[in-house]
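Everything on this sheet refers to the single structure shown next.
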Amino acid sequence: MKYSSRLITSFLALFISGQALAEKPEDFRFPRECSYTEAGYPVPLCGLPLTNTPVVAESIEELKSYPTHFIAGQEALNVDEMRITTIGSGNPPVRLGQASTSWLVELGNGDNFIFDIGGGTVPALWSLGIPLSTLDKVFVTHLHLDHVGGIFNLWDSMGWGRNTPLHVWGASGHTPELGVAAFVEHVEKAAAWHVLSKTGIAAREGMEIKAHEFDYKKFSPETPRQLVYHENDVKIYAFPVDHILEGAVGYRLEWNGLSMAFTGDSEPTRFEAEMARGVDVFIHELFIDASTFAEKNAMPLALAQNIAHKHTSPEELGQIFSIAQPRLGVGTHFFTNEDTIDGAFAGMEKTYSGPVAIAQDLMVINVSKEQVVTRMARTDLLSWSAPSPKTDTEPTYDAKPTEGLTPSWVSQTRLEQEH
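Numbered by mature numbering (1 follows the signal peptide of the UniProt record, and there is no 0), the letters in the sequence shown go through residues -22 to -1, 1 to 397 in order.
Okay, structure coming up:
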């Protein structure tokens, strides 16, 4: 039996301590004072997760205790634990309180994986105090800009602790120029001036970006998924989702008896629900109704309806979760406002009765075999780069460019610096 917060409210103190752990990132103050919607959910951005089930457990005995908030850089991950952090939970219109789409998965074996890297997401990723050298693996669900628009900022960690290539996984498209390999090639071309200017300053390896494209056309009823990553006992499978063009995929990560699935954007299908069946955490898009979408964004209703038709309604998401039966279902890619969340929860409840949450930026989910705990993070708004672990491999540096430099008649007028 799964315990909802309504059943275990009196026990929450056993699991989530009210005391913060340290004195720096937790000095961060959430933008809003906490109040509650008519349905009893906390308003967004007040430091509480949007869920009625902050703790999902089969038993209330002998569970690990967590602080009220995740303190960036100051909470070790158990060797048998997975931590999932919402880097961005929003849509193409990047908002100050809600970036586009990105998720970080940290594993107790030390591996980190980024799923999508939409616009405006990298500052939140940096704020977590994670060594940049460990943030070098990105899995792209599809090539909409709100899912890949932050790639330049992420790649620019070259010279800031990441002296290894940035690796990007994704599917081919129905023509070569529409696949992730072509996308990465054009990212390289667009950054040619930048990379040349870093030559001799940043390590050559850190300036590399490498595509790992898998063949979308190999998916079939007989081969519904592909194993696209298998290292260090981590398996990541890709599977197709229904989102406009060939090349849109979801992912399922499995490690140490734990699992998560993320489907990017999609119209709801039984197939994707089956691909995510039984995972600990299933992250799936959630879209507001067309009339609200049109009103809030001052757009024609017909246009809003066309857009909403390519996404998943709350009732449909409930159906997806009913098939998949995750320990925790998470709706994301949502316009998370206090006047939208009640309707979303009500819609999901029409078709699903299990534990659900709606994502906010910097929501943290700790996953173990005993429990799934959802909190919000406190981070440093002006964080420095975390030191990277030392390695036995020395980075290499190419010679600085000798052509195309600033004209001498400009550079000769530099002011002398005192040393």
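Virtual Cβ for every residue (Gly too), placed ideally from N, Cα, C.
Proximity test, Cβ basis, 7 Å: residue i and chain B
{"i": "Leu26", "result": "Considering every chain present, this structure includes no chain B. It has just one protein chain."}
Burial state of residue i (16 or more Cβ within 10 Å)
{"i": "Val308", "result": "buried"}
{"i": "Pro365", "result": "exposed"}
{"i": "Val118", "result": "buried"}
{"i": "Trp387", "result": "exposed"}
{"i": "Met277", "result": "exposed"}
{"i": "Gly148", "result": "buried"}
{"i": "Ser105", "result": "buried"}
{"i": "Thr384", "result": "exposed"}
{"i": "Asp243", "result": "buried"}
{"i": "Trp81", "result": "buried"}
{"i": "Leu295", "result": "buried"}
{"i": "Ser389", "result": "exposed"}
{"i": "Arg(-17)", "result": "Interpretation of Arg(-17) is limited by its pLDDT of 41, a score under 50 that renders its predicted location unreliable; no figure is taken from the coordinates."}
{"i": "Lys347", "result": "exposed"}
{"i": "Ala377", "result": "exposed"}
{"i": "Thr153", "result": "exposed"}
{"i": "Gln297", "result": "buried"}
{"i": "Val57", "result": "exposed"}
{"i": "Gly184", "result": "buried"}
Bridge-paired residues (DSSP) for residue i
{"i": "Phe197", "result": "In DSSP, Phe197 forms no bridge with anything."}
{"i": "Leu306", "result": "Val259"}
{"i": "His208", "result": "Lys213"}
{"i": "Met136", "result": "Arg140"}
{"i": "Pro218", "result": "Val227"}
{"i": "Ala35", "result": "Gln349"}
{"i": "Tyr330", "result": "Answer is none; Tyr330 lacks a bridge partner."}
Best match in the options for proximity to residue i [C-alpha to C-alpha]
{"i": "Thr142", "options": "Gly86, Glu186, Ser361, Glu263", "result": "Glu186"}
{"i": "Val345", "options": "Arg61, Met326, Lys288", "result": "Arg61"}
{"i": "Ile336", "options": "Ser198, His262, Arg248", "result": "His262"}
{"i": "Val83", "options": "Val100, Asn69, Ile65", "result": "Ile65"}
{"i": "Glu250", "options": "Tyr229, Glu316, Asp193, Thr314", "result": "Tyr229"}
{"i": "Asn90", "options": "Gly107, Ser78, Lys188, Thr79", "result": "Gly107"}
{"i": "Cys24", "options": "His289, Tyr207, Thr371, Asn315", "result": "Asn315"}
{"i": "Asp211", "options": "Gln349, Leu113, Glu232, Thr380", "result": "Glu232"}
Beta-carbon spacing of residue i, residue j below 7 Å
{"i": "Ile49", "j": "Arg353", "result": "no"}
{"i": "Phe271", "j": "Ala286", "result": "yes"}
{"i": "Ala268", "j": "Ala254", "result": "no"}
{"i": "Pro304", "j": "Phe260", "result": "yes"}
{"i": "Ser67", "j": "Asp339", "result": "yes"}
{"i": "Pro373", "j": "Ala169", "result": "no"}
{"i": "Asn131", "j": "Val100", "result": "yes"}
{"i": "Trp133", "j": "Leu144", "result": "yes"}
{"i": "Asp258", "j": "Leu236", "result": "yes"}
{"i": "Gly225", "j": "Gly151", "result": "yes"}
{"i": "Pro20", "j": "Cys12", "result": "yes"}
{"i": "Ser135", "j": "Leu110", "result": "yes"}
Inset, instruction - Answer yes if the region 92 to 100 comes into contact with the region 37 to 45, meaning at least three C-beta pairs across the two stretches below 8 Å, and no otherwise. - result: no
Legend entry - At least 3 beta-carbon pairs within less than 8 Å: the region 168 to 183 vs the region 51 to 58: Too few Cβ pairs lie closer than 8 Å, so no.
Inset, instruction - Take every Cβ of the region 61 to 74, pair it with every Cβ of the region 322 to 330, and state whether three or more of those distances are shorter than 8 Å. - result: no
Inset, instruction - Could you tell me whether the region 220 to 229 touches the region 116 to 131, where touching means 3 or more Cβ pairs closer than 8 Å? - result: The region 116 to 131 and the region 220 to 229 touch, with three or more beta-carbon pairs separated by less than 8 Å.
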